[in-house]
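The structure under discussion appears below in the form of structure tokens.
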Amino acid sequence: MTWLQNSARKPIDWSNPEGAGKHIHTRSFFQDFNILILLRVVDINQLSGPLPPELGNLSRLLRLGLTSNNFTGELPPRFAELTALQELQLGDNNFTGQIPDFIQNWTNLSRLAIQASGLQGPIPSGITLLKNLFHLSVWKFGILI
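All residue numbers for the sequence shown refer to the numbering used here, where the first residue is 1 and numbers rise by one.
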């Protein structure tokens, strides 16, 4: 992991992972990235498939941007452990299921963008516990306010 130690404060660039529309297989990828505070997967990649539960191990993550890809499935339960999150962007994907109740664990969250994410149902009442939340974007695709 020498390259990681040398670039611990530099962003990770996944701007063209061997062509658009690919899956990133991450079974052990995130184990050594617990120092990561920003992860943004840019939309030109058109990554697809379910989000790896291992993302929940990134306990220092402040900003997670996954907008405009083709991610599917439900948000992994281990995302409840992302308690340092200040910004989460999930819009323009193909997720399934409802906005999880563990959203109330993200008490540092100031921005939540889940518009056109595929998530459906009511916004959990626990969102009222997010006292730092000042930007909420939930338009389109079955979100009930």
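Don't be surprised by glycine CBs; every beta carbon is placed ideally from N, CA and C.
Residues that residue i bridges to, as DSSP identifies them
{"i": "Arg40", "result": "Gly65"}
{"i": "Ala112", "result": "Residue identity check: residue 112 is Leu in the sequence provided, not Ala. Its beta-bridge partners are Leu88 and Leu136."}
{"i": "Asn70", "result": "Ser48"}
Residues of its chain near residue i, where Cβ-Cβ distance is below 6 Å and the 5 sequence neighbours each way are ignored
{"i": "Phe79", "result": "Gly56"}
{"i": "Leu112", "result": "Leu88 and Leu136"}
Under the three-state DSSP convention, the category residue i falls into
{"i": "Gly156", "result": "Only positions 1 to 145 of the chain appear in this structure, which leaves residue 156 out of reach."}
{"i": "Glu81", "result": "helix"}
{"i": "Thr128", "result": "helix"}
{"i": "Phe102", "result": "helix"}
{"i": "Leu133", "result": "coil"}
{"i": "Asn94", "result": "strand"}
{"i": "Gly121", "result": "strand"}
Limits of the unbroken beta strand (DSSP E) element including residue i
{"i": "Leu88", "result": "Glu87 to Gln89"}
Own chain partners of residue i with C-beta closer than 7 Å, once the 5 adjacent residues on each side are dropped
{"i": "Gly118", "result": "Asn93, Asn94, Phe95, Thr96 and Phe141"}
{"i": "Leu66", "result": "Val41, Gln89, Leu90 and Asn93"}
{"i": "Leu61", "result": "Leu36, Ile37, Leu39, Leu82, Ala84 and Leu85"}
{"i": "Pro53", "result": "Pro76 and Arg78"}
{"i": "Leu129", "result": "Gln104 and Thr107"}
Exposed unless 16 or more other CB atoms sit within 10 angstroms - verdict on residue i
{"i": "Thr83", "result": "exposed"}
{"i": "Lys10", "result": "Only weak support is given to the placement of Lys10: the predicted model assigns it a pLDDT of 44, under 50, and the value that follows is read from those uncertain coordinates. Answer is exposed; the Cβ neighbour count stays below 16."}
{"i": "Asn132", "result": "exposed"}
{"i": "Leu4", "result": "Per-residue confidence for Leu4 stands at a pLDDT of 36, beneath the threshold of 50, marking its modelled position as unreliable; the derived number appears in the next sentence. Its Cβ having fewer than 16 others within 10 Å, Leu4 is exposed."}
{"i": "Phe134", "result": "exposed"}
{"i": "Ile37", "result": "exposed"}
Own chain, CB closer than 8 Å to residue i, minus 5 neighbours either side, in chain order
{"i": "Glu81", "result": "Gly56, Asn57, Ser59 and Asn105"}
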